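Under full-length UniProt numbering, the first residue of the sequence shown is numbered 1, with each subsequent residue one higher.
Just so it is clear, CB atoms sit at the ideal spot from N, CA and C, and this is done for glycine as well.
Quick caveat, the model's predicted, so the values are computed rather than measured.
Below is one structure, written out as structure tokens; comments come after it.
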Amino acid sequence: MAPSGWGASKMDGDAAARGALLRTANSNSSGDKTKTAAAAMTVNYHTINNTDHRYDSPRSSADLTYLDPEPYDPDNDTMGSSSSPILESQQQLPQQREGAEEEEDQEDGHAAAAAAADLVTTTESRSLTRGLAQRHLSMLGIAGSIGTGLFLGLGGAVARGGPLGALLGYFVIGLIVCAVQFALGEVASLLPVTGSFVRHAEFLVDPAWGFAIGWNLVYGNVLSIPSEITAICVLFEYWTEGRVSPAVFIVFFVVVTVGVGMALVRVFGEVEFVFAMLKVVLVVFLILLGLVIDLGGIPGTERIGFRYWKSPGPFVEYIATGDWGRFLGFWSVMTGAVFSFAGVESLAMAAAETRNPRKAIPRACKRVFARVVLFYMLAVLVVGMLVASDDPRLDGSGDSVAQSPFVIAASAAGIKAIPSVVNAIVITSAWSASNQSLLAGTRVLYGLALKGQAPKIFLRTTSWGTPYMCVLLFGVFMSLSFMSLSERAINVFWWLVRLTSAGVLVSWSSILVNHIRLRKAMDRQGIAYTRLPWSSWWTVYSSPVALFMCIVILLTGGFSVFTKGNWDAATFVSSYLDIPIVLIAYLAWKFYKKTKIVSLDDIPLDIAFEQAEDAIFEDLEEGKTKGWVRVVSWIWD
């Protein structure tokens, strides 16, 4: 029975949907095509139209036996009543079975189908609101990846690797991002669930791995939001010069961030859409301005061209000398470039709040990759042309506008307004990144609660479909921003934030492992790749190569501390602590729950593919843009 206080009507609707899936799964043996169609209709009716915002806790498929539901009758909808419960615990199916062996096989099949339905049907479809369109997802991915790494961090990349070394480093990471995005798109198009690759890991790899990855993401996002708000305070100091207390900005941005997080998910999508558009426009402006300055288009300035590629040169020797030193310079850029691209993978986190996710998510994955890589590659090229790699102003932690290569070039050209423009861009970027972290973190936490891996209180949603308890938890941790009022405390805080840096590579690796497991399971079960809602022929090769690269970069991220005279405990810990954290979480949950790595033969893909092929979605495609909007719609469409 449902836990007390949660209502039986939700239980009936959820059970009906799952029972209908079982009927769909068994229709081939019964030969009853009419029942199959009715079951599919029942599943989609409950998935799309049930608006009850409460959830019954997930239960093991071994403890539940599903009864065949009554055919859905829209004139006699029982979802609002508590009569005739369909789901009963430890009760035999009413059909007569012949032989103990046949009965055991059927029960095993029902258990597997129940496990699949538990993931694929997903009660969050009835608790959350589908308010995000494909354009929102695309701009969410772009907004999350364009931030301080682009505006402030490119100078450090050029300083360490040289203009060509930086360009090659970002190019290689761009190829890895391509593999990650296409792998994510293929799996998410089949399994569009809240929590994205965290829930995929549980379904395709091991429930304990999903637990470890999920809590690692929650931990990282909980810390990243106050770090972004703290960065905003630092950036405002450029204008206020200490005349205004940072507490004013902290309170303001905490309240605004929580407010946006509590709003309708469509409101959130529109806010991020606007800020992403602003960032894209200003990135294009800075790239064009850089080209104008480089070509001598500013009166009183000479043409620079590729002068700095010749002297001090295309590469920089880092730590060592000669070719080895130049290679280490290139490698140090590549490890840093990973964190500049971080965020593109989070666009699928709110799949249950996305309209027609099986089409929207793959399209967004493909388009975000192309746009982000284009912006970064052009920006790295222009920065390498504008500023010499040995310019001392490029040194530093990357938290000051004065270190931006665009500001350095504009100052040299006598354009005084550019520092304030870049400062404003970075402030909006930091706040936008905190919004995205809030969306990704709260949806992962909600997904963990769905699977019983987090307290059930986080399943509570508002009447408009926002998981408000998740948002409130993140709001409490935003108070860590007040640590910026103490210089000593903020140093400790930034050290804690750096501990989560390796989590980006862990997330990418998990996405690639999920995809590899899906493909291998399809091969084992004889399922053609063409049945995937969205696929590319080359991802079967790109995912293993990208996974190898992610692991190598993860293990060598702090290589500088192992060289002579460069040992630094803080760098070592921040580079590698995330690895044992994830492994400990994985092993702890594995031994506690006695989970096993899912066998390729036991992954119930048939149920997932049947739901993907038979799902009935309303026509939620956005019409083609018209008029002047078509001039900029190429960014997201």
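Straight-line CA distance for Ser-332 to Gly-322? Within the sequence shown, residue 332 is the residue found at index 332, counting from 1. Within the sequence shown, residue 322 is the residue found at index 322, counting from 1. Cα-Cα distance, rounded: 16 Å.
Run through DSSP, which three-state label would Thr-539 get? As a first step, residue 539 is located in the sequence shown; it is residue number 539 there, counting from the start. Helix, per DSSP.
Applying the 10 Å Cβ sphere with the 16-neighbour rule, what's the burial state of Thr-563? Within the sequence shown, numbered from 1, the residue matching residue 563 stands at position 563. So Thr-563 counts as exposed.
For Lys-366, which of Gly-153, Arg-135, Ser-599 has the nearest alpha-carbon? Within the sequence shown, the letter at position 366 stands for residue 366. Selected option, being the one with the closest Cα: Arg-135.
At which residue ranges does the stretch 270-346 contain complete alpha helix (DSSP H) runs of 4 or more residues, listed in the order of the chain? 307-310, 322-341
So for Thr-530, helix, strand or coil by DSSP? The residue you call residue 530 lines up with position 530 of the sequence shown. In this structure, Thr-530 counts as helix in the three-state DSSP scheme.
Find the nearest neighbour of Trp-215 within the set Leu-448, Ala-157, Phe-609, Ile-511, judged by alpha-carbon distance. Translated into the one-based positions of the sequence shown, residue 215 becomes position 215. Minimum Cα distance to Trp-215 is reached at Leu-448.
Decide yes or no for the touch test of the stretch 291-310 against the stretch 338-346: beta carbon pairs closer than 8 Å, at least 3 of them. no
Only counting the same chain, and skipping five residues up and downstream in sequence, which positions put a Cβ closer than 8 Å to that of Gly-261? To locate residue 261, count along the sequence shown from 1; it is residue 261. Answer for Gly-261: Phe-268, Asn-435, Leu-438, Leu-439, Thr-442, Thr-466, Val-471, Phe-474, Gly-475, listed in chain order.
May I ask you to report which of helix, strand or coil DSSP gives Thr-240? In the sequence shown, counting from the first residue as 1, residue 240 sits at position 240. In this structure, Thr-240 counts as helix in the three-state DSSP scheme.
Where does the unbroken alpha helix (DSSP H) through Leu-169 begin, and where does it stop? Against the sequence shown, residue 169 aligns to sequence position 169. The sequence as given places Gly at residue 169; Leu does not occur at that position. Its alpha helix (DSSP H) spans residues 154-190.
Check this for me: beta carbons of Ile-142 and Ala-276, under 8 Å apart or not? Indexing the sequence shown from 1 puts residue 142 at position 142. Indexing the sequence shown from 1 puts residue 276 at position 276. Yes, the pair counts as a contact, with Cβ atoms nearer than the cut-off.
Assuming Ile-579 contacts Ala-430 (C-beta within less than 8 Å), just tell me the rounded distance between them. For the purposes of this step, residue 579 is taken as the residue at position 579 of the sequence shown. For the purposes of this step, residue 430 is taken as the residue at position 430 of the sequence shown. Their Cβ separation, rounded to whole angstroms, is 28 Å, which puts Ile-579 and Ala-430 out of contact at 8 Å.
Euclidean distance between Cα positions of Val-274 and Leu-140: For the purposes of this step, residue 274 is taken as the residue at position 274 of the sequence shown. For the purposes of this step, residue 140 is taken as the residue at position 140 of the sequence shown. Going by the C-alpha atoms only, they are around 10 Å apart.
So, with DSSP's three-state summary, where would you put Ser-479? Here residue 479 is taken as the residue at index 479 of the sequence shown, counted from 1. Ser-479 falls in the helix class under three-state DSSP.
Using the three-state DSSP reduction, which class does Asn-221 fall into: helix, strand or coil? Along the sequence shown, one-based indexing puts residue 221 at 221. Looking at Asn-221 - three-state DSSP - the assignment turns out to be helix.
From which residue to which residue does the alpha helix (DSSP H) around Lys-593 run? The residue you call residue 593 lines up with position 593 of the sequence shown. Bounds of the alpha helix (DSSP H) holding Lys-593 are 578-593.
Let's test the definition: count the other Cβ atoms within 10 Å of the Cβ of Phe-406 and tell me whether it reaches 16, buried, or not, exposed. Stepping through the sequence shown from its first residue, residue 406 is reached at position 406. So Phe-406 ends up on the buried side.
Apart from the five residues on each side of it in sequence, which residues of its chain come closer than 8 Å, Cβ to Cβ, to Trp-239? Locating residue 239 in the sequence shown gives position 239, where the first residue counts as 1. Cβ within range, chain order: Ser-420, Asn-423.
Status (buried if at least 16 other CB within 10 Å, exposed otherwise) for Arg-303: Taking the first residue of the sequence shown as 1, we reach residue 303 at position 303. That one is exposed.
Boundaries (first-last residue) of the alpha helix (DSSP H) holding Gln-436: As a working note, residue 436 is residue 436 in the sequence shown. Residues 418-450.
Tell me the DSSP secondary structure of Ala-569 in three-state form. The residue you call residue 569 lines up with position 569 of the sequence shown. It is helical.
Excluding the 5 residues flanking Ala-612 on each side, which residues of the same chain have their C-beta closer than 6 Å to its C-beta? By one-based count along the sequence shown, residue 612 stands at place 612. Cβ within range, chain order: Leu-190, Pro-533.
Please say whether Ala-413 and Ile-293 have beta carbons closer to each other than 8 Å? Along the sequence shown, read from residue 1 onward, the residue named residue 293 stands at position 293. Along the sequence shown, read from residue 1 onward, the residue named residue 413 stands at position 413. Judged by their CB atoms, Ile-293 and Ala-413 are nearer to each other than the 8 Å cut-off.
Using C-beta distances below 7 Å, list every residue in its chain close to Ile-581, excluding the 5 sequence neighbours before and after it, in chain order. Your numbering for residue 581 matches position 581 in the sequence shown. Within the same chain, Ile-581 has close Cβ partners Asn-216.
With DSSP run on the structure shown, which of helix, strand or coil describes Leu-459? Position 459 of the sequence shown, counted from the start, is the residue given in the question as residue 459. Looking at Leu-459 - three-state DSSP - the assignment turns out to be helix.
Please name the residue, chosen from Leu-167, Ile-146, Ala-188, Gly-162, that lies closest to Phe-609 on a Cα-to-Cα basis. Within the sequence shown, numbered from 1, the residue matching residue 609 stands at position 609. With distances taken between Cα atoms, Phe-609 lies closest to Ala-188.
Hey, out of Trp-508, Asn-566, Thr-530, Leu-381, whose CA is closest to Ile-551's CA? Locating residue 551 in the sequence shown gives position 551, where the first residue counts as 1. With distances taken between Cα atoms, Ile-551 lies closest to Trp-508.
In terms of residues, what are the limits of the alpha helix (DSSP H) holding Gly-503? In the sequence shown, residue 503 corresponds to position 503, counting from 1. Counting along the chain, the alpha helix (DSSP H) containing Gly-503 begins and ends at 503-524.
What residues in its chain sit with their C-beta under 6 Å from that of Gly-210, if we drop five residues either side in the sequence? As a first step, residue 210 must be located in the sequence shown, where it is residue number 210. Sequence-distant partners of Gly-210 (beyond 5 residues in either direction) whose C-beta falls short of 6 Å from its own C-beta, in its chain, are Val-198, Ala-201, Glu-202.
Taking the alpha-carbon positions, what's the Gly-165 to Ile-553 distance? Taking the sequence shown and counting its residues from 1, one reaches residue 165 at position 165. Taking the sequence shown and counting its residues from 1, one reaches residue 553 at position 553. Computed Cα separation, rounded: 16 Å.
Can you give the Cα-Cα distance for Arg-326 and Ser-224, rounded to whole angstroms? In the sequence shown, the residue the question calls residue 326 occupies position 326. In the sequence shown, the residue the question calls residue 224 occupies position 224. Looking at the backbone, the Cα of Arg-326 and that of Ser-224 are separated by about 33 Å.
Environment of Ile-361 [buried if 16+ CB atoms lie within 10 Å]: Your numbering for residue 361 matches position 361 in the sequence shown. Buried is the call here.
Could you spell out the range, first to last residue, of the alpha helix (DSSP H) harbouring Thr-257? Numbered from its first residue, the sequence shown carries residue 257 at position 257. The continuous alpha helix (DSSP H) containing Thr-257 extends over residues 246-262.
For the structure I just gave you, are there three or more beta carbon pairs, one from the stretch 508-520 and one from the stretch 177-186, closer than 8 Å? With the rule of 3 Cβ pairs closer than 8 Å, the stretch 508-520 counts as touching the stretch 177-186.
Three-way DSSP call (helix, strand, coil) for Ser-389 in this model: If you number the sequence shown from 1, residue 389 lands on position 389. Reduced to three states, the DSSP call for Ser-389 is coil.
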